[in-house]
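One line per chain: the protein sequences are A, B and C, in this order.
By our numbering, the letter at position 16 of the first sequence is numbered 161, and the numbering carries on one by one without gaps.
By our numbering, the letter at position 273 of the second sequence is numbered 405, and the numbering carries on one by one without gaps.
By our numbering, the letter at position 286 of the third sequence is numbered 756, and the numbering carries on one by one without gaps.
Here a beta-carbon is modelled for each residue, glycine too, at the ideal position from N, C-alpha and C.
Report on the structure given below.
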Amino acid sequence: MTERNFPIGGPVLEVKNISLSFGGVKAITDTSFNVLEHEIRAIIGPNGAGKSSMLNCINGIYKPQVGSVTYKGEEIQKVTPNIMAQKGISRTFQNLALFKRMSVLDNILVGRKLHTTSNFMEVALQLPKAKREEKVNRDRCEEIVEFLEIEDIKNTPVGKLPYGLQKKVELGRALATDANLILLDEPMAGMNVEEKREMCRFILKVNDEIGTTMVLIEHDMGVVMDISDRVVVLDYGKVIGDGTPDEVRSNQRVIDAYLGVEH
Amino acid sequence: MADQILFFIEVVVGGLLAGTMYSLVALGFVLIYKASATFNFSQGAMVFFAVLAFVGFMQDFNVPFVLAFFLAVFLMIIVGLCTERLVLRPLMNQSEDTLLMATIGLGYVLEGLAQAMWGVEVRRLDLGIKDFPIPWIADNLKLFISAIDLTAGIVAFGMIIGLTLLFKYTKMGLGLRAVADDAGAASSIGIPLKHIMLLVWSAAGVVALVAGMMWGARAGVQFALVDLALKALPVLIIGGFSSIPGAIIGGLLIGAVEKVLEVYIGPFFGGAIEGWAPYVLAIFFLLYRPEGLFGEKIIRRV
Amino acid sequence: MKPIFMTYTRGDLINLAILLIVGVVVIPMTVSSGYWYTSILIPWLCLALATIGQQIIMGYTGQLALGAAGFMAAGAFACFNLILRVPGIPFVGALLISGLIAAAFGILFGLPSLRVRGIYLMVATLASQFFIIWMIDKFGWFKNYDSSGIITAQDIVIMGKPFTSPVEMYLVIVAVVTPMTLIAMNMARGSTGRNWMSVRDMDIAAESMGVSLLKTKLQAFAISSFYCGVAGALFAFTYLKSLEPVAFDIKLSFKVLFMVILGGLGTINGAFIGAAFILLFPVLLNYIGNNVFHGAIDATIISAIEQVVFGVLMIIFMIYEPLGMAKLWETIKIKIAGLFSKK
Chain A
146 MTERNFPIGG PVLEVKNISL SFGGVKAITD TSFNVLEHEI RAIIGPNGAG KSSMLNCING
206 IYKPQVGSVT YKGEEIQKVT PNIMAQKGIS RTFQNLALFK RMSVLDNILV GRKLHTTSNF
266 MEVALQLPKA KREEKVNRDR CEEIVEFLEI EDIKNTPVGK LPYGLQKKVE LGRALATDAN
326 LILLDEPMAG MNVEEKREMC RFILKVNDEI GTTMVLIEHD MGVVMDISDR VVVLDYGKVI
386 GDGTPDEVRS NQRVIDAYLG VEH
Chain B
133 MADQILFFIE VVVGGLLAGT MYSLVALGFV LIYKASATFN FSQGAMVFFA VLAFVGFMQD
193 FNVPFVLAFF LAVFLMIIVG LCTERLVLRP LMNQSEDTLL MATIGLGYVL EGLAQAMWGV
253 EVRRLDLGIK DFPIPWIADN LKLFISAIDL TAGIVAFGMI IGLTLLFKYT KMGLGLRAVA
313 DDAGAASSIG IPLKHIMLLV WSAAGVVALV AGMMWGARAG VQFALVDLAL KALPVLIIGG
373 FSSIPGAIIG GLLIGAVEKV LEVYIGPFFG GAIEGWAPYV LAIFFLLYRP EGLFGEKIIR
433 RV
Chain C
471 MKPIFMTYTR GDLINLAILL IVGVVVIPMT VSSGYWYTSI LIPWLCLALA TIGQQIIMGY
531 TGQLALGAAG FMAAGAFACF NLILRVPGIP FVGALLISGL IAAAFGILFG LPSLRVRGIY
591 LMVATLASQF FIIWMIDKFG WFKNYDSSGI ITAQDIVIMG KPFTSPVEMY LVIVAVVTPM
651 TLIAMNMARG STGRNWMSVR DMDIAAESMG VSLLKTKLQA FAISSFYCGV AGALFAFTYL
711 KSLEPVAFDI KLSFKVLFMV ILGGLGTING AFIGAAFILL FPVLLNYIGN NVFHGAIDAT
771 IISAIEQVVF GVLMIIFMIY EPLGMAKLWE TIKIKIAGLF SKK
């Protein structure tokens with residue numbers, strides 16, 4: 146393997162003893178794992194294993210009953226989507242959560258929210274500061290649009306785009322935040338081989354060029370084993386395997402879970 | 133002291149009885165919500181439309197009471213089926229907000245049609261029941277309770293029991309609940325969607341007409357009924373949009389609370405606080421129990 | 471060429487210049503009939519301004535609020551009291567403070583939006599409508615203890631010059647509505663508008679991008695009711711020329727709602743188109759009633775027909791073009807342009 150621009154560092158995100166249940170139904174039970182700086186970390190597991198719930202706990206959309214999230218050595222007291230965004234964690238969603246009636250560019254521009262300091266008065270009156278900031282943000286988003294090769298659709302309302310393109314726009318929006326860590330919830334679901342390959346290329350490129358840490362959920366084992374540095378395997382809300390792709394592949398419990406052996 | 137307690141009881145009972153009227157309007161709303169998953173903002177307009185047609189048949193065409201009643205119900209069924217066909221069905225997969233807007237439009241159409249057909253003047257509706265205290269109760273219990281309020285209360289109570297029985301213990305009722313849950317799945321297992329819609333709209337039509345008659349008998353059949361019927365909305369928030377008992381209890385609660393507030397607190401502010409008190413009450417409910425008293429808690433999934 | 475957002479394109483500027491010339495020079499020079507000003511242009515611009523307010527909260531932020539008339543009343547009575555009680559206050563100053571007072575009410579009654587949405591929010595905002603009107607009605611101070619219930623609005627005086635003729639009042643309105651429209655457009659196209667729309671389209675994702683739902687919703691409520699407040703004050707001082715709480719009842723709120731929906735959700739232009747339609751359609755119906763049917767149709771029937779048409783249009787737009795007449799207009803323009811370019 147060639148030398149990486151951003152070699153893998155120490156733990157940047159630590160999830161400790163998370164338990165989450167919905168009215169008695171346990172989604173996650175006492176789960177812990179960590180994410181190292183600059184790595185690509187995959188979460189895999191059968192349907193209903195609690196993968197998406199896990200991401201939602203990290204990002205504060207769900208509130209786990211027990212457990213803590215530590216980011217950059219600091220235990221986050223109040224985990225909300227907003228606070229996590231401010232800390233530098235961005236994300237995409239499993240079932241697409243784009244702003245349907247806004248254009249592609251406007252969607253990505255919302256990702257620049259935390260890099261926008263002019264208030265509504267400055268925007269309303271078009272003061273120089275607001276204009277300057279808008280220009281900077283637009284230039285950055287145009288770069289992202291170019292990077293993702295979606296220039297031709299940048300003024301189209303996202304609601305009108307096919308699924309694969311929407312997934313790309315969502316990645317673009319997450320990139321626009323300049324987050325240090327991006328949570329990707331099934332970024333390649335419903336894509337064909339060609340699209341998947343392209344998406345992998347983007348993920349690897351971002352990781353390599355900017356050093357963004359990635360946590361991704363994916364079903365396609367080939368993809369997962371190819372691009373991730375380490376994999377954590379969930380089943381019935383519990384960790385049943387954690388390690389490099391090779392370690393996970395040879396883990397008996399993981400094999401059982403995927404082959405459907407009786408517990 | 134005893135007088136004060138008696139007076140308080142009188143206020144509460146008066147409020148509860150008036151509240152049954154809100155319950156009736158809310159009931160029509162719940163029926164349609166259950167069958168079509170639509171917040172039917174035009175329910176108030178339907179009340180107005182139904183009772184104006186009823187009075188119109190009687191007064192303009194000298195149709196006898198019972199026949200006028202059935203004609204009005206028949207008209208309401210047609211209105212309901214047209215609504216289902218022309219408004220709700222084309223908007224089937226749209227957002228709740230879009231549907232709500234469309235029913236606001238529908239309310240306008242119904243109000244306009246009613247006035248175009250029957251005119252705008254206030255019409256008297258005499259059901260033979262007076263808005264006077266019932267002498268027997270006044271003499272024996274020292275409570276002044278209006279005959280028309282009591283009648284409305286009894287009628288509303290009867291209708292509630294009837295509807296509850298209909299939907300709980302008949303095959304149709306079971307079908308309705310299946311439709312409310314998932315119309316597509318219900319029709320695929322052979323539940324006759326058409327019959328159920330017919331049943332629901334008929335029931336909603338009867339409920340609207342009866343509510344309108346009770347109100348009309350007291351205050352005249354007039355446009356103001358539509359605004360009054362708006363108060364069914366806070367009732368629904370308190371009771372929950374999908375619950376028949378919720379509509380009833382919500383209506384009673386709003387009726388009683390607004391009267392008590394009006395009588396005991398209103399005078400300090402120049403009165404007429406019942407115009408907004410139910411809405412403020414609804415806001416407090418929203419803050420503590422957004423799903424209403426009997427509604428199901430909704431978990432938003434991402 | 472890359473279209474650079476925010477800095478207006480040449481086409482925008484030309485359109486604006488044409489509109490301003492027509493509005494400020496051509497109309498006052500050619501239209502002399504007072505009827506056009508007092509019955510059409512003045513109410514149109516006032517209501518369009520209120521519609522922009524409703525547009526901001528409903529069309530852009532996606533919050534189903536139904537209380538525009540309440541905030542308009544707050545603005546109107548605030549303006550009346552400011553001019554009455556603060557000696558020497560300039561009219562424009564009073565107008566702005568009235569807007570701010572309405573905005574304060576907007577924030578207060580916008581609070582439920584942090585917990586609820588849809589029809590729930592609509593009912594909560596109805597509380598503002600009924601409460602504000604009740605408050606003005608019941609506390610004599612707001613009406614300067616006038617027992618008749620109808621108070622005459624003061625004359626508009628700016629820099630010592632009274633603006634009382636229809637043309638003068640019209641010009642005052644143009645001078646207020648034009649910058650406020652431009653400001654609304656700036657916000658709607660800029661980062662402020664993007665925050666609103668992100669909350670409208672997918673609030674959870676917006677939050678995950680760092681958009682604060684609390685701040686964004688309350689800000690939208692405040693700005694929306696500021697617009698309604700200023701519009702209400704202008705409406706009372708130039709169109710009604712009197713102040714009575716009943717003029718701002720729930721029917722007016724519905725009217726503004728219709729203007730937003732028929733005009734098109736989420737467009738500023740739509741506010742003007744919607745307001746024009748709702749105002750002009752009854753005028754047209756009356757004209758037909760008087761000239762075609764020679765008064766054979768009763769006026770109440772005409773207003774009932776008007777109601778039916780509005781309702782039917784609302785349903786049709788909801789089914790076929792939820793973006794309203796503004797979108798329809800765009801489509802027609804593109805079609806016409808297509809016809810010409812083929813030749």
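Closer than 9 Å to chain B by CB, residue i
i, result
"C:F747", "no"
"C:K472", "For C:K472, the predicted structure reports a pLDDT of 36, less than 50, and the residue's modelled location is therefore unreliable. A value from the coordinates is still provided. Answer no: the Cβ-Cβ gap between C:K472 and chain B never drops below 9 Å."
"C:V779", "yes"
Beta-carbon separation (whole angstroms), residue i vs residue j, contact threshold 8 Å
i, j, result
"C:L515", "C:V644", "7 Å"
"C:Q524", "C:L727", "7 Å"
"B:M190", "B:L259", "Wrong, their Cβ atoms sit about 11 Å apart, outside the cutoff."
"B:V195", "B:L207", "12 Å between Cβ atoms; not a contact."
"B:V392", "B:S155", "That belief does not hold up - the Cβ atoms of B:V392 and B:S155 are roughly 17 Å apart, past 8 Å."
"B:L331", "B:M304", "6 Å"
"B:L232", "B:F171", "5 Å"
"C:M788", "B:A167", "Not confirmed; about 20 Å, so no contact."
Cβ of residue i within 9 Å of any chain A Cβ
i, result
"C:A807", "no"
"C:I606", "no"
"C:D671", "yes"
"C:Q689", "yes"
"C:E677", "yes"
Host beta strand (DSSP E) of residue i (start-end)
i, result
"A:A172", "V170 to L181"
"A:N204", "A:N204 -> not in any beta strand (DSSP E); alpha helix (DSSP H) instead, spanning K196 to N204."
Where the alpha helix (DSSP H) through residue i begins and ends
i, result
"A:E184", "That residue, A:E184, is in no alpha helix (DSSP H); it is neither H nor E in DSSP."
"B:M208", "F197 to C214"
"C:L513", "At residue 513 of chain C the sequence reads Pro, which differs from the Leu that was named. Looking at the DSSP string, the run of the alpha helix (DSSP H) that includes C:P513 is I512 to Q524."
"B:L425", "Counting along the chain, B:L425 falls outside any alpha helix (DSSP H), and DSSP gives it neither H nor E."
"B:L393", "I376 to Y396"
"A:M359", "Element bounds for A:M359: not the alpha helix (DSSP H) but the beta strand (DSSP E), T358 to I362."
"C:V669", "S661 to D671"
"B:G151", "A134 to S168"
"C:F550", "A538 to R555"
Under 9 Å between C-beta atoms of residue i and residue j
i, j, result
"C:S678", "A:I289", "no"
"C:M592", "C:L683", "no"
"C:L732", "C:M795", "yes"
"B:G160", "B:L362", "no"
"A:V214", "A:K171", "no"
"A:M359", "A:V368", "no"
"C:R585", "B:P399", "no"
"A:I348", "A:L326", "no"
"C:I720", "C:A658", "no"
"B:Y411", "C:F601", "yes"
"B:L357", "B:F180", "yes"
"A:A321", "C:G660", "no"
"C:L519", "C:V700", "yes"
"C:G740", "C:G481", "no"
"B:P321", "B:A310", "As written in the sequence, residue 321 of chain B is Ile, which differs from the Pro given in the question. Yes, these two residues count as a Cβ contact at 9 Å."
Cβ of residue i within 9 Å of any chain C Cβ
i, result
"A:N227", "yes"
"A:Q231", "yes"
"A:L243", "yes"
"B:L282", "no"
"B:V434", "The predicted position of B:V434 is uncertain, since its pLDDT is 48 and thus under 50; a value taken from the coordinates is nonetheless stated next. Yes, its Cβ sits closer than 9 Å to a Cβ of chain C."
"B:G372", "no"
"A:T357", "no"
"A:L259", "yes"
Contiguous beta strand (DSSP E) assignments of at least 3 residues, all confined to the stretch 479 to 509 of chain C: none
At 3 residues or longer, and completely inside the stretch 206 to 279 of chain A: list those beta strand (DSSP E) runs for me, N to C. 211 to 216 and 234 to 236
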